[in-house]
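Engineer: This note's numbering puts the last residue of the sequence shown at 121; the count rises by one with no breaks. Attaching a single structure in structure tokens format; questions to follow.
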Amino acid sequence: LVSQTFSGLRQMIMMMCVSMKGGKACEAWRDRRASCEDDANDIKASMARVNCVRLVLAYAVALKLHMRIAHDGYVRGVIDAHQKRMVDIDRIRLRGLLTRQEFELVNSMIPIFNDGGVAQGAKQLTPAMIEEV
């Protein structure tokens, strides 16, 4: 089921990138003509592609994070230090993929208590992770 989800995400990105028309520079590239200056539609199409890929990657990392804490966190109620370290790494990955507002929204939904959030800096990381860095 998870592999089908990732396959579907890949297919969605590919279809979006292929079907996004863009402007005159994209048209020249598709027709294998000499390139020209990007116009407003080229810039909008590029930003749409970047945002789509960025958000799909963030979704994949969030799904991975959820799967990581699902068994130990939801069934037993606690996670061990290694799992907490991996959750911190996933949160850092999410912070790199999302804007600050998007990250704060997603981070507030991660059910880990006694933690101020990765966005506030390294002082919030687990002690085991700080020792290794």
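Built from N, CA and C at the ideal position, the CB exists for glycine as well. These numbers were taken from a predicted model, which means no experiment stands behind them.
Taking its Cβ as the centre, do 16 or more other Cβ atoms sit within 10 Å of residue -6, making it buried, or is it exposed?
Structural biologist: exposed
Engineer: Under three-state DSSP, which class holds residue 9?
Structural biologist: coil
Engineer: Quick one: grab the DSSP three-state call for residue 128.
Structural biologist: Because the chain is modelled from -11 through 121, residue 128 falls outside the range shown and cannot be assessed.
Engineer: Excluding the five sequence neighbours on either side, which residues of its own chain have a C-beta within less than 8 Å of the C-beta of residue 90, listed in chain order?
Structural biologist: 46
Engineer: Run through DSSP, which three-state label would residue 14 get?
Structural biologist: helix
Engineer: Return helix, strand or coil for residue 61, following the three-state DSSP convention.
Structural biologist: helix
Engineer: Would you decide whether residue 68 is buried or exposed? Buried here means 16 or more other CB atoms lie within 10 Å of its CB.
Structural biologist: It counts as exposed.
Engineer: May I ask you to report which of helix, strand or coil DSSP gives residue 1?
Structural biologist: helix
Engineer: Buried or exposed for residue 118, going by 16 or more other Cβ atoms inside 10 Å?
Structural biologist: Any reading at residue 118 must be qualified, since the residue scores a pLDDT of 47, below 50, and its modelled position is unreliable; the value itself is stated next. Within a 10 Å sphere around the beta-carbon of residue 118 sit fewer than 16 other beta-carbons, which makes this residue exposed.
Engineer: How far does the alpha helix (DSSP H) with residue 94 in it extend, from its first residue to its last?
Structural biologist: 88 to 95
Engineer: Tell me which same chain residues have a C-beta within less than 6 Å of the C-beta of residue 4, skipping the five on either side of it?
Structural biologist: 40
Engineer: Which term fits residue 65, buried or exposed, when burial requires 16 or more other beta carbons within 10 angstroms of its beta carbon?
Structural biologist: Residue 65 comes out exposed.
Engineer: Have a look at residue 87 and residue 6 and give me their C-alpha separation to the nearest angstrom.
Structural biologist: 26 Å
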